[in-house]
Amino acid sequence: MPKTKFQEVIFTILMVFVMVYAMICYNIALNMGGMSSTVFLSAFHELVIMAPVAFVLDFFFVGHIAKRTAFRIVNPEKENPFHLVLVISAVSVAWMCPLMSLAATILFKDAGSEFVAVWLQTVALNFPAAFFWQIFYAGPFVRFLFRQIFREKAKAPEVSNSLS
């Protein structure tokens with residue numbers, strides 16, 4: 001997992017892209033009454049707005065809250081360290097889903113006087129999809145991709161230059 005600030009930025013960018021793009025596709029499909037190939041292209045129009053919002057929220061706020069919370073729940077020295085990953089993922093979704101649904105409600109839905117109701121409905125529709133997408137697909141995929149990008153170079157055996 002990320003060991004430097006630069007790696008944290010890259011990890012967050014990857015996760016934001018995979019999560020936000022999928023959730024935008026999901027919401028467009030819900031609004032259209034079903035999935036079609038136009039959804040995938042339409043999602044890019046919202047992605048340029050929602051991805052920076054998600055990055056700022058996750059990198060500066062939610063990521064820190066999720067890690068602090070996870071370390072209070074899981075002791076990686078006594079438990080399987082993967083439990084820590086699961087808790088961080090779950091807490092991240094628990095915070096990001098309502099916050100991103102709020103942003104989407106403000107930016108894309110004409111909620112009017114029903115703002116709170118529309119926001120709560122958006123959260124209720126998005127939460128199960130975001131949770132399962134994160135736990136089963138986005139999280140494992142992004143962690144795999146991240147490991148490939150920041151693969152530790154195997155140390156070559158040292159060769160002695162002495163001519164004994």
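Read in order, the letters of the sequence shown correspond to residues 1 to 164 in my numbering. For each residue, glycine too, the CB sits at the ideal point set by N, CA and C.
If I measure Cβ to Cβ from Ser164 and keep anything under 8 Å in the same chain, skipping five residues before and after, which residues do I get?
Note that Ser164 scores 47 on pLDDT, short of 50, meaning its location in the model is unreliable; the coordinates nonetheless yield the value given after this. Closer than 8 Å at the Cβ level, and outside the excluded window around Ser164, lies no residue.
Quick check: the Cα distance between Gly139 and Val91, rounded to an integer number of angstroms?
So the two alpha carbons sit approximately 13 Å from each other.
Which residues mark the beginning and the end of the alpha helix (DSSP H) in which Arg147 is found?
Where Arg147 is concerned, the enclosing alpha helix (DSSP H) stretches over 139-149.
Return the Cβ separation of Val118 and Thr105 in integer angstroms, given the expectation that the two are a contact with Cβ distance under 8 Å.
Val118 to Thr105, Cβ: 6 Å. Contact.
Identify, in the order they occur along the chain, each residue of the same chain with its Cβ nearer than 7 Å to the Cβ of Tyr21, setting aside the five sequence neighbours on each side.
Closer than 7 Å at Cβ, skipping near neighbours: Ala43, Leu47.
Assign Asp58 to buried or exposed, taking buried as 16 or more other Cβ atoms, counted over all protein chains shown, within 10 Å of its Cβ.
Asp58 is buried by the Cβ-count criterion.
Give the single residue among His83, Cys97, Phe141 whose Cα lies nearest to the Cα of Thr69.
Minimum Cα distance to Thr69 is reached at His83.
So what does DSSP say about Glu46, is it helix, strand or coil?
Three-state DSSP puts Glu46 in a helix.
Can you tell which of Phe136, Arg151, Val142, Phe131 has the C-alpha that lies nearest to the C-alpha of Val16?
Per the Cα distances, Val142.
According to the neighbour-count rule (16 or more other Cβ atoms, all chains shown, within 10 Å of its Cβ), is Ser37 buried or exposed?
So Ser37 ends up on the exposed side.
Please name the residue, chosen from Val116, Ala66, Phe108, that lies closest to Ala94 on a Cα-to-Cα basis.
Closest by alpha carbon: Ala66.
Just checking my contact of Thr12 with Phe55 at CB under 8 Å: how many whole Å lie between their CB atoms?
Going by Cβ atoms, the distance from Thr12 to Phe55 rounds to 6 Å, so yes, they are a contact pair.
Examine chain D for any beta-carbon lying closer than 8 Å to the beta-carbon of Phe17, and answer yes or no.
Of the protein chains in the structure, only one exists, and it is not chain D.
Just the Cα atoms here: how many angstroms apart are Met32 and Phe60?
Approximately 33 Å, taken between the alpha carbons.
Would you identify the three-state DSSP class for Met96, choosing helix, strand or coil?
Looking at Met96 - three-state DSSP - the assignment turns out to be helix.
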